[in-house]
Amino acid sequence: MVRNCSKYAPALGATVINMQGLDIYPGFIDPFSQYGIGFSYPSTEKTAPVYEIARIGGNAANGAIHAEKVWAHEFAGNHEEAQSWINNGFTSVQSAKFDGIFRGQGVHVSLADKIANELVYRAEANHFLSFDKGSSAQDYPNSLMGAMALIRQTLLDASWYGKNAALAGTGALEFNAALEALSSNQPHYYVFDTQDLNSQLRAAKLMGEFNLKGALLGNGREYARIDEIKNTSFELILPLNFPAAPDVSDPDLSHHLKLAELRHWERASTNPAALSQAGVSFSLTLHGIEDKKDFWPRLQKAIKAGLSEQDALAALTTRAAAIAGVAGMAGKIEPGFVADLAVYQGNPFVDGKLVSVFLQGQENAIIPKDVRVLVGDYQLQLGDTSLPLSLGYDGGIKVTLDGKPLEVQGTVNALLGRAELPGSNSKFRVKLDMTRLTGQAVSSDGAALPLTLTKATAAKQADAKSADANNSAEATDTFAGALTFPNVAFGRAALPSNDKVHIQGATVWTSEAAGVLENTDVIISKGRILQIGQQLMTPPGYSKIDGRGKHLTAGIVDEHSHIALNGGTNEDTDAVTSEVRIGDVLNPEDVSIYRSLAGGVTTAQLLHGSANPIGGQSQLIKLRWGESSEGLKYQGAPGSIKFALGENVKQANWGDDFTIRFPQSRMGVESVMADAFDAARDYRKAFASYNQLAAKERNQQLSPRPNLRLEAIAEVLESQRDVHIHSYVQSEILMFMRLAEAYGFKVKAFTHVLEGYKVAKELAAHGAGASTFSDWWAYKFEVYDAIVQNACLMQQAGVLTSLNSDSFEMQRRLNQEAAKSMMYCDMSPEEAWKMITINPAKQLGIDKDTGSIKEGKVADLVLWDANPLSVYARTHMVWVDGKRFYSKEEDAAMRQAQAEEKRALVQKILTLDESEKAGETPSDVLEPEWHCDTHFIFAGQNRSNQHQHGAHQ
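Written as structure tokens, this is what we have:
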């Protein structure tokens, strides 16, 4: 900021502009906009799935990849569009078309009113990225994990393309404009557009995999996971998209409001300060604000909530310039820098007014020069009556008298308006001469009264501003809402620590050869089961839990689940999508984690859906409610992948449009799988052959292209990745076992496998496990032969059998599902309980650590208040890794505290004026309950069109 430059003599012949009493700032910079980009991709009417696009001009194979676009070639200045930035003090912006996943290379431009050639500051600016495929007509990807896989594969392709660049023009290397743009020797800086906090963090992780430099578009909720944000080390581009206060006017409906929504409303304005205090560098953008006039009131609110003026100014200037790559020419007032300036009367971070903007040295007056010195607050004296009057300018002179707008006409030295003055029944014509601070009030009967105006002193204004700031700071220091992780209902203020506990006198279900032990003690220490026995001595420093009358079991393990996911459980746009990873899209904020934990579940395998013969890679998680996405992952577990057979994969129930994707028959399913296995073998052979070449020969040959899809399938053939396969009918179960044996690997588990009883001996001979339902049948044609004795018959034949949920609701009641086999076929309680503990643990390859109560194993334990196979049993406490993640008493206390918190937040909103409730309408994407067969139809920007085939699988 420059306040006094009188010591500098003007250059010879320079125009001198009197800026006395004004503050000059570097012009503000917005690094995230679509300004001046009128280009649109051709729209395509879709009546059926689109699996491939036309390859024109060396474009990428996927319609969401536009990395070759250089937006400087499409840019044209637009004076009218520029006004929303100029009126907020911005002088330059970085622009790109926000369409697609790889969106192309932005351009940094001045907002001056000139031809494009004179406006471009940086023609080849940052590359833009997102997870949204935008207008692409191509089906792939239609899930968030598919978008991540496409980005990962494209970056690998670009690296491969660059390494083989010497072969360009020889016919050995195809010309690909998108890959060429990404593979240039000059390091790129990426701006990643993300829509929510989870995606912001997964974008950072993905960029970190490839050592990319860049910035992430913020979302306003960073305060809720500030440590994770800080650890990403990426800069942020922060919208001030503060939400409107939730509607609490109807007390009968306000109880339906989500606690998370109320909490965010209260804390949103503190987000910039929280980031600044954590040392996270950020710039600011107008993006995300519907009415751009709200930008400065939002920023001033953020400053009252703790953001320093220095950090706010840096976010508008030097930090924004650094992100946009123009730090050597803009963002500062220094010799040699472009003459982009913002001129203010008063402090803009309190309530100063923008009076002028200089764009490339040319002044654009926001407030006319003859009005600037008059803008401000006055006291109008009319006889004994004293009234506050305020004069402002917003495209015209605005006068407020006694808090009410006064409609005026004329110039500053001859303003005429009408008003009702307090204490009078007459209406007055008010004439004002602001230059002389005098005027006249003429009543309706013609009587004239002289009036005078006195401008409020700077000291009084400063005192009032300081008082307002202090009051606001005090108001934001006290929150009615809590801050937890996740910042939703039942979130935790802090993660639990390891328990040192002695459980005494419980009935212990070991899920081991020892069976059920009466009146037994279990001691937990350092996350493991230290000792099991009767009447054990309590070590010093251990807490005691009275287990008499209670039952202690291993935590329940669910072999087949779809909880805690963002953006879809199926990438159903191809028959083979083994490149996608469920681990990419974990949602640690899903309350289903807490609910399942409360039902005794401690471990779950999250599977890709059943929409394609070879689906995506699975993710095993521990239900560590309150942990991050990475913290949920079960470290050290074998990798696995979802395959599928039956009606879903051949698109039997998808509708008349889905008739062109191979396979369309059960025979075709086998063919697709065999072709994929052959391709994966050839893929491995190609790399082996290439690596055996001498260095000189390798330099003369095109290297094999990395392929994440084939990489995962090759891992299956090498027995490095376990197959869990969705199945129903005996013919396909037999087919896949024979196919697996032909290619030299074993099936880890057939899941659902409702006709498994027909081929139980064959399953046992192959060594495959079976994870089934207790009593689901007849929900579609291929399930008509299901019987309730299936689990028993398979187990009796020597098949390692488990029960799975595949359901948000059933997962919480797997103990009851296990008990059903006792009723249906007299299975023993111990064997029934093993079907949801040690048996699925063996199928998942984690039985050495969990799934049973044994000394030395991880303390994944559940204390029940009754026999766990009873419908009356409720969990009393649940430990994961020896940490108490659930207790009945804590749950009751949280419910009461949250009810009180919600009432306090609602009451806080009720005390506000309507103007204080304004803000953006929340645009969060609501996640449905994902099931095996949930999929998007023609998914793109609109995620509300998910569709489910069938009631369940």
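Numbers in my numbering are just positions in the sequence shown, counted from 1, shifted up by 24. Glycine included, every Cβ here is placed at the ideal spot set by N, Cα and C. No experiment lies behind these values; they were computed from the predicted model shown.
For Asn839, the secondary structure class from DSSP, reduced to helix, strand or coil, is helix. Taking C-beta atoms as the reference points, Ser154 and Asp220 fail to come closer than 7 Å.
Approximately 6 Å separates the beta-carbon atoms of Leu473 and Leu406; this is inside 8 Å, confirming the contact. Under the three-state reduction of DSSP, His575 is assigned to strand. Assignment of Glu603 by DSSP, reduced to helix, strand and coil, places it in the coil class.
The way I'd put it, the stretch 511-519 does touch the stretch 283-301; three or more beta-carbon pairs between them come closer than 8 Å.
Here Lys93 is buried. Its C-beta has 16 or more other C-beta atoms within 10 Å. By the criterion of a C-beta distance shorter than 7 Å, Ala788 is surrounded in its chain by Ala821, Gly822, Val823, once the five residues flanking it on both sides are discounted. Nearest in C-alpha terms to Leu365, of all of Glu358, Val350, Leu383, is Leu383. Residues of the same chain with a CB within less than 8 Å of the CB of Gln464, apart from the 5 flanking positions on each side, are Val454, Lys455, Ala472, Leu473, Pro474, Leu475 in chain order. According to DSSP, Ile61 shares a beta bridge with Phe99. Contact annotation: the stretch 96-103 does not touch the stretch 153-171, with fewer than three C-beta pairs closer than 8 Å. In this structure Met561 is exposed. Its beta-carbon is surrounded by fewer than 16 other beta-carbon atoms within 10 angstroms. The three-state reading of DSSP puts Asn522 in strand, counting E and B together. For Ile684, the number of other beta carbons within 10 angstroms of its own is below 16, and it is reported as exposed. Separation of Asp318 and Trp109 (C-alpha to C-alpha, rounded to the nearest whole angstrom) is 12 Å. Around the Cβ of Leu936, a 10 Å sphere holds fewer than 16 other Cβ atoms; the residue is exposed. Taking 7 Å as the cut-off, the Cβ atoms of Cys956 and Asp799 do not count as close. In the three-state scheme derived from DSSP, where H, G and I count as helix and E and B as strand, Pro564 is classed as coil.
Restricted to the stretch 577-654, the beta strand (DSSP E) segments that are unbroken, complete and at least 3 residues in length are 580-585, 625-630, 638-641, 643-646, listed in chain order.
In the displayed model, Gly238 falls within a strand according to three-state DSSP. Judged by DSSP in its simplified three-state form, Met901 adopts strand. The residue from Leu225, Lys932, Asp54 with its alpha-carbon nearest to that of Leu135 is Asp54. Under a 10 Å Cβ-count criterion, Thr71 is classified as exposed, with fewer than 16 other Cβ atoms of the shown protein chains found around its own Cβ. In this structure, Ala363 lies near Gly385, with their beta-carbon atoms less than 7 Å apart. Remark: C-beta atoms of Leu415 and Val397 do not approach each other more closely than 7 Å. In chain order, Pro296, Ala297, Ser300 place their CB closer than 7 Å to the CB of Leu331, counting only its own chain and leaving out the 5 sequence neighbours on each side.
Look at Val395 here: in three-state DSSP terms it is helix. A distance below 8 Å between beta-carbons, with the five flanking residues on each side excluded, links Arg745 to the following residues of its chain, in chain order: Gln641, Pro662, Gly663, Ser664, Ile665, Ala736, Glu739. The alpha-carbon of Leu610 is positioned some 18 Å away from that of Arg516.
Looking only at Leu168, Met859, Arg733, Ala173, the smallest Cα-Cα distance to Ser845 is reached by Met859.
The Cβ-Cβ distance between Asn828 and Asp582 falls below 7 Å.
DSSP places Asn543 in the strand class (E or B) of the three-state scheme.
By the criterion of a C-beta distance shorter than 8 Å, Gly557 is surrounded in its chain by Thr544, Asp545, once the five residues flanking it on both sides are discounted. Listed as beta-bridge partners of Leu413 by DSSP are Tyr402, Leu425. Every alpha helix (DSSP H) stretch that sits fully inside the stretch 258-284 and reaches 4 residues is listed by chain position as 275-278.
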